[in-house]
Amino acid sequence: MAQLLLVLIGALLVTAVARSREIAAPLLLVLVGLVVSLIPGTARLEIDPELLLTVVLPPLLYAAALESSYTNFRARIAPIVHHGVLQVVATSFLVGWLAFTLIPELPLKSAIVLGAVIAPPDAVTAAAIGRQLKLPRGMMTVLGGESLINDAAALTIYRMAIAAVVGTTPTLAQGALVFVLAVVAGVGLGLVFGMLAQVARTRVPDVQVATVLGVLVPFIAYLTAEQLYGSGVLAVVTAGLYVGHNQPRARAAGRLQEHTVWASINLLLESLVFAYIGLQLQTVITTIVTSGRNLGLVLASALIILATTIVVRILWMFGSNYLPGLAHLLATSTKHGVRWRRTAVLSWAGMRGVVTLAAAGAIPHTTGTGEPFPARELIQFIAFVIAVGTILLQGTTLPWLIRKLGIADPEEAARDDQAEAEARVTATNAALRYLDGLTPEDLHTSPEHFDRMIGRMKALVEHQGMAAAEQVGRTPDERADTASKAFSDLRRELIEVQRSAMADERDAGNVDDEVLRRVLRELDLQEAAIDSSWRNR
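For the sequence shown, UniProt numbering gives the first residue as 1, with consecutive numbering after it.
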């Protein structure tokens, strides 16, 4: 436990440095982990692979799904399924056959297990880099959507291959039935738990209790689906998409708290995962050496499989976007110059990560007859080489490729500004119509007070709507040189003055700490509203 705590602290410190220097944190964490693992005397960090699959993976997937757009996901479902399911299936069997051909001591069934282990790309790193470099939203949707469902396809093949090795070999028809059941049960249970989570967010009066219940959703959805022969990954993703899509119907206090909680959980788990990947170098090398295998030959085979894994994705992506039938089916018919550049970036964003390592580590030690699982340590070593190799090779060069190809959409920000202006006008008009429909009886007040109240409220709504529309489309420098920006700055200064005055009152013994905390929270929420306002974006 002490060792895990030290790794967590170290990983968070490395992440802080990476963020302050605008470096992709996952890449730096893996590099630092690799270096630390080579220091003599470094103790091994052992985490049960089942814990990675049941404790670490669900909240990471759920947090990603919460931030995804169900509308965009549904609009691009064809390319997402094509890349997230079909590509994974093809990669599993192609890479498995290659590994079986290259390594004589690797049985075909174990080779298929290896193919399933390394098939699903982990788009956490790619998505982080894409957001940082402002990839177009359509590409981010495909990249994120693929990462949300490819794990389900790969883990289904993985379980079928494991069953074949340990002696419970399913027929092809049984395998297809298992896959369909996993999808239907996973999605169905995900919807159920998503609806239950939404009920908790809207009906449970205590915001903190509702937030804690929300944190439990991915774990409950994953474990329940796995117990009922469904896909735990799809259950978590479906629940996250449902809850995220219904964010506007949740209470404001709950949304504020959930955002902070999930951002913190995501940061903690991502830091741990990528640090753990790097720290496994010493362990996997020792395992291969003690097994009596030739490390050089195994490494050479692993590097060939690494290159093949990368090439398969590149060929799949370009084939999908340039074969006439597929290009039309997947709605990828954009301008030729734009299409090949975007395809190049998506094809290079195929890093492997936590699922690959966790699945490799979760391979059983023995078969159904009690014999050792064939080539288990070999599968784990190759999986490690693929994960680290893709992260370091593709992850470090992806930012350069994005900048070199210049695929950022310069018109997307302008379209967003226009859509925001129109949405704010719609919201303002709805508020004004609501105010026009009120009567003094509705507010239980006199006509005189009612007229003054409605007049002030209308002026406030109209001012906010007009001010927001005026800001849309301006550059940051133009926004900084406006009365609205000066007003926001003055509000911040006044809030700080109020904080200092409250602290002085507490220090003088005139205000209790409990009272101080309540007032500070209100002031903090006001400042958070200013910081996230359109005036300061």
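Ideal placement from N, C-alpha and C gives every residue a C-beta, glycine not left out.
Just so we're clear, the structure is a prediction, and the values are computed from it rather than from any experiment.
Am I right that residue i and residue j are in contact with their C-beta atoms under 8 angstroms? What's the rounded C-beta distance?
i, j, result
"V236", "Q198", "Not a contact, Cβ separation roughly 15 angstroms."
"L27", "V354", "That belief does not hold up - the Cβ atoms of L27 and V354 are roughly 15 angstroms apart, past 8 angstroms."
"I277", "A387", "6 angstroms"
"M155", "V233", "The identity of residue 155 in the sequence shown is Leu, whereas the question assumes Met. The Cβ separation is near 6 angstroms, so the contact holds."
"Q3", "A43", "6 angstroms"
"Y158", "V187", "Actually they do not touch by this definition, with Cβ atoms about 19 angstroms apart."
"A18", "L148", "24 angstroms between Cβ atoms; not a contact."
"T91", "A119", "4 angstroms"
"V511", "E505", "4 angstroms"
"I288", "M351", "23 angstroms between Cβ atoms; not a contact."
"S37", "L281", "4 angstroms"
"I495", "L523", "5 angstroms"
"V312", "L401", "About 18 angstroms separates the two Cβ atoms, so there is no contact after all."
"residue 538", "P399", "Coverage of the chain is limited to positions 1 through 537, which leaves residue 538 absent and any answer about it impossible."
Select from the options the residue whose C-alpha is nearest the C-alpha of residue i.
i, options, result
"residue 568", "D513, A185 and R251", "Nothing about residue 568 can be reported from this structure: the residues present for the chain run from 1 to 537 only."
"R74", "E462, E146 and L31", "E146"
"R433", "G240, A185 and M457", "M457"
"L299", "E377, V312 and Y229", "E377"
"residue 546", "A64, P107, S69 and G115", "In the structure as shown, the chain starts at 1 and stops at 537, and residue 546 therefore has no counterpart that could be examined."
"G240", "V166, A427, P59 and G368", "P59"
"E50", "T397, L357, S264 and L435", "L357"
"L189", "R415, A221 and D451", "A221"
"G319", "L443, A25, Y62 and H83", "H83"
"L435", "Q418, L490 and G455", "G455"
"W348", "S68, T71 and P121", "P121"
"G144", "L223, L61, S110 and T202", "L61"
"G138", "V180, F193 and P79", "P79"
"L490", "A503, I530, A459 and E505", "I530"
"E258", "G509, E22, V215 and L281", "V215"
"T366", "A164, A25 and A344", "A164"
"V81", "I23, V142, N72 and L106", "V142"
"T283", "T211, Q380 and Q526", "Q380"
"Q526", "A253, S37 and F93", "A253"
"I304", "L228, A225 and G96", "G96"
"A501", "F487, S488 and L516", "L516"
"L5", "S20, S271 and L108", "S271"
"G361", "E371, L315 and I382", "I382"
"I39", "L279, V184, R499 and T369", "L279"
"A16", "Q498, V55, L268 and F179", "L268"
"P136", "L34, V338, Q247 and A24", "V338"
"A307", "Q394, F219, E371 and P364", "Q394"
"M140", "F193, K109, N72 and V30", "N72"
"L13", "T211, T202, R518 and A275", "A275"
"V180", "G230, L29 and V35", "G230"
"F193", "A182, L213 and V204", "L213"
"R201", "V85, R518 and L256", "L256"
In terms of residue numbering, what span does the alpha helix (DSSP H) encompassing residue i cover?
i, result
"P121", "Where P121 is concerned, there is no enclosing alpha helix (DSSP H), given that its DSSP letter is neither H nor E."
"G389", "R376 to L405"
"P26", "A25 to S37"
"I103", "Note, I103: premise wrong, no alpha helix (DSSP H); not H, not E."
"R21", "Per DSSP, R21 belongs to no alpha helix (DSSP H) and is neither H nor E."
"A153", "R137 to V166"
"A43", "From DSSP, A43 is part of no alpha helix (DSSP H); its letter is neither H nor E."
"V85", "That residue, V85, is in no alpha helix (DSSP H); it is neither H nor E in DSSP."
"Y222", "V207 to Q227"
"A307", "L295 to Y322"
"R255", "A252 to L279"
"G244", "G232 to H245"
"D512", "Here D512 belongs to no alpha helix (DSSP H), and DSSP marks it neither H nor E."
"T71", "Y70 to A75"
"G361", "V354 to G361"
"L60", "L57 to E67"
"L438", "Run containing L438: none; DSSP gives neither H nor E here."
Kindly identify the DSSP beta-bridge partner or partners of residue i.
i, result
"P372", "T366"
Under 6 angstroms: does the beta carbon of residue i sit that close to some heavy atom of the ligand GTP?
i, result
"L60", "This structure does not include the ligand GTP; it has no bound ligands of any sort."
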